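In this note's numbering, the protein residues as written are 13 to 274.
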Amino acid sequence: MSFTIATWNINSVRLRAPLVAQLLTEEAPDVLCLQECKSPVDKIPAEVFAELGYVHMIARGQKGYNGVAILSKQPIEDLGDKDFADLGHARHVAGRLENGVTIHNFYVPAGGDVADREVNEKFGQKLDYLTDMRDWFREHRPEKAILVGDLNIAPREDDVWSHKQLLKVVSHTPIEVDHLAETQESGQWVDVTRADIPEGKLYSWWSYRARDWDAADKGRRLDHVWATADISNAAHSSRILRHVRGWDKPSDHAPVLATFDL
DNA sequence: ATGTCAATATCCTATTGA
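Pasting the structure below:
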């Protein structure tokens, strides 16, 4: 069986429910993982998605900030969530499909503006969140699992528009890249997107602040699809839907997709 | 490159977060 998973930081699921519906209609992924829903779970417009066949949803939410949801055409068992680094935020939820595949949906803290935990508490929280992820996956070695989400780090030089100019910018600093690498190693996660598309610049986020995001093209690959080694070979056809960033009233993130033959 | 966008609280403007 082949199934396609998509991940998308939606930046308000209520405001952009029509865009979610458009993506579901045009791409028909089996599973869509959303981040930054910015909504309590009971106010997510699940009925809009159910009408399109996505009758199963597992979600965690809070008022105004954060929030993650997994929409699925197939039944998905709620495996719970973990409040990594004890921030009291809704940033993770996990589910299991009937084929036995576990899905982790993450929204890693953005980390604020200054890349120094001594003066910026949010940066420390981001590093602690990643360290807690690392320790947890060391303790609970994932198998037959997919991890997706807005990890808020662009690890490779070709994951950013200018490696040199972003070395001190939160999302691409060496300490963040190191922390992300340790998390990836602890779960023996394979970066599916880069296994599929190993060469060339690849972005999933473009700032709202650019006058012309498309022309400037100063993007970063913050959104990721990882899989454990036992199923990563089944992945193919990875895509980042850049054109979605150009939709009316868009999210600043584009959806990232991968297909697995399992 | 201090620009744009969204949610909230208090109210139609400021603050916070990204």
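For glycine and all other residues, C-beta sits at the position ideal for the given N, C-alpha and C. Bear in mind the structure is a predicted one, so any value in this text is a computation, not a measurement.
(message) With a threshold of 8 Å on Cβ separation, who are the neighbours of T185 within its own chain once the five nearest residues in sequence on each side are excluded?
(response) A127, L179
(request) Give the DSSP-derived three-state secondary structure of I243 in the structure shown. (result) helix
(request) May I ask you to list the residues that DSSP assigns as paired with I115? (result) Looking at the DSSP assignment, I115 forms a beta bridge with G107, I158.
(request) Closer than 8 Å by C-beta to R153: which residues in its own chain qualify, once you throw out the five before and the five after it? Chain order, please. (result) These residues qualify, in order along the chain: G199, Q200.
(request) Would you check if the distance between the CB atom of S51 and the CB atom of G92 is smaller than 7 Å? (result) no
(request) Tell me, please, whether the region 95-109 touches the region 140-153 by the rule of three or more beta-carbon pairs shorter than 8 Å. (result) yes
(message) Here's a check: name, in chain order, each residue in its chain whose Cβ is nearer than 8 Å to the Cβ of D125, leaving out the five neighbours to either side.
(response) N132, V182
(request) Taking all protein chains shown into account, decide if H175 is buried (16 or more other Cβ within 10 angstroms of its Cβ) or exposed. (result) Exposed, since its Cβ has fewer than 16 Cβ neighbours within 10 Å.
(message) For Q74 and G161, I'd like the C-alpha separation in whole angstroms.
(response) Taking the straight line joining both Cα atoms gives about 18 Å.
(request) Look at A18 and P262 and say whether their C-beta atoms are less than 7 Å apart. (result) no
(message) In this structure, how does DSSP classify S216 when only helix, strand and coil are distinguished?
(response) coil
(request) Below 8 Å on the Cβ atoms is my guess for P87 versus E110; work out the distance and round it to an integer in Å. (result) 6 Å
(request) Classify I70 as helix, strand or coil using the three-state DSSP reduction. (result) I70: strand per DSSP, three-state reduction.
(message) My output table needs one value for S198: the three-state DSSP class, helix, strand or coil.
(response) helix
(request) Answer yes or no: do S84 and H68 have a C-beta to C-beta separation smaller than 7 Å? (result) In this structure, H68 lies closer than 7 Å to S84 by Cβ.
(message) By the three-class DSSP mapping on this structure, what secondary structure does H152 have?
(response) coil
(message) Could you tell me the alpha carbon to alpha carbon distance between S216 and A193, rounded to whole angstroms?
(response) Distance between the alpha carbons of S216 and A193: 19 Å.
(request) Enumerate in chain order the residues of its own chain whose CB-to-CB distance from I187 is below 8 Å, with the five nearest sequence positions on each side excluded. (result) A127, L139
(request) Have a look at V105, G112, R129, E130 and flag the residue whose alpha-carbon is nearest the alpha-carbon of Y119. (result) Nearest to Y119 by C-alpha distance, out of V105, G112, R129, E130, is V105.
(request) Using beta-carbon positions only, say whether R233 and L214 come within less than 7 Å of one another. (result) yes
(request) Could you check the C-alpha separation between D260 and L27 for me, to the nearest Å? (result) Taking the straight line joining both Cα atoms gives about 12 Å.
(message) Helix, strand or coil, according to DSSP, for L139 in the structure here?
(response) helix
(request) Please classify E63: does DSSP put it in a helix, a strand, or coil? (result) coil
(request) Over the uninterrupted alpha helix (DSSP H) stretch that includes A207, give me the two end residues. (result) 204-208
(message) What would DSSP say about R146, mapped onto helix, strand or coil?
(response) helix
(message) Less than 7 Å between C-beta atoms, sequence neighbours within five positions excluded: which residues of the same chain meet that for M13?
(response) N111, L274
(message) Please report the straight-line C-alpha distance between N164 and N23, rounded to a whole angstrom.
(response) 14 Å
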